[in-house]
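Chains as they are written, first to last, in my numbering: chain A, 138 to 266; chain B, 13 to 103.
Okay, structure coming up:
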């Protein structure tokens with residue numbers, strides 16, 4: 138019975154890792170590739186590590202697996218955000234089918250600070266009053 | 013077909029194939045950011061392979077290596093992006 142559960146869980150994890158690898162090749166754009174990366178990191182590796190936890194079935198090993206999964210879940214979005222920010226600042230183009238670019242002209246090119254035009258307008262209105 | 017045969021002959025080759033796909037992107041990647049993403053994904057799939065290996069060889073100690081590999085992958089991504097952003101700041 139345990140073997141069947143391990144087979145199902147590890148197969149699902151492998152399918153997710155495989156989908157992420159295919160997506161990394163086929164996605165047209167750096168930012169879409171970043172989004173693919175996070176999916177493999179969370180579900181693919183989470184399920185494969187879960188299979189190991191089910192196989193050994195001890196609290197010492199299950200807690201270790203839980204620590205790895207929580208660490209990956211915490212760090213994957215941070216890494217994705219940093220990669221996307223650096224890619225945007227270094228001038229990577231969006232793909233042709235993306236129409237909305239909310240960050241356009243919002244980054245200061247020298248200091249790399251993010252500013253919002255709406256906020257500047259609001260503060261200007263306050264000063265006028 | 014036992015569990016070990018299934019893991020050894022189906023799961024591990026599929027994971028290796030996905031590693032090859034990611035490596036293609038690592039070689040092709042038009043910008044350096046794409047290469048950093050591919051590197052991150054290679055280490056992530058490597059953690060999955062380590063966990064499957066620990067089942068096949070009945071060695072739970074391998075999972076410690078997976079933890080350290082996850083740490084190094086995160087630190088590598090952060091360091092790469094930090095210095096790439098600094099490089100653009102100066103020109």
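Where a beta carbon is used, it is the ideal one built from N, C-alpha and C, also for glycine.
- Listed along chain A, the residues sitting closer than 7 Å to residue 37/B by beta-carbon distance are 161 and 162.
- Looking only at 141/A, 140/A and 250/A, the smallest Cα-Cα distance to residue 226/A is reached by 250/A.
- The C-beta of residue 151/A comes closer than 8 Å to at least one C-beta of chain B.
- The beta carbon of residue 240/A sits closer than 7 Å to the beta carbons of 225 from its chain, once the five residues preceding and following it are set aside; these are given in chain order.
- If you check the CB distance, residue 189/A and residue 202/A come in under 8 Å.
- Each of 50/B, 73/B, 65/B and 78/B was checked against the Cα of residue 217/A, and the nearest Cα belongs to 50/B.
- For residue 26/B, the secondary structure class from DSSP, reduced to helix, strand or coil, is helix.
- Around the beta-carbon of residue 168/A, 16 or more other beta-carbon atoms lie within 10 Å, marking it buried.
- As far as DSSP is concerned, residue 95/B takes part in no beta bridge.
- For residue 88/B, same chain residues with a beta-carbon under 6 Å away, outside a window of 5 residues either side, do not exist.
- For residue 208/A and residue 82/B, the gap between their C-alpha atoms comes out near 8 Å.
- Our two residues, residue 231/A and residue 45/B, have alpha carbons roughly 14 Å apart in a direct line.
- Under the three-state reduction of DSSP, residue 251/A is assigned to strand.
- Close partners of residue 167/A in chain B (Cβ separation under 8 Å): 43, 45, 46 and 49.
- Among the residues facing chain A, residue 28/B is not included, as its CB has no counterpart in that chain under 8 Å away.
- Inside the region 22-77 of chain B, DSSP marks no whole beta strand (DSSP E) run of 3 or more residues.
- Judged by beta-carbon spacing, residue 23/B lies within the 8 Å limit of residue 151/A, meaning their Cβ atoms are closer than that value.
- For residue 146/A, no chain B residue has a Cβ inside 9 Å of its Cβ, as the nearest lies near 11 Å away.
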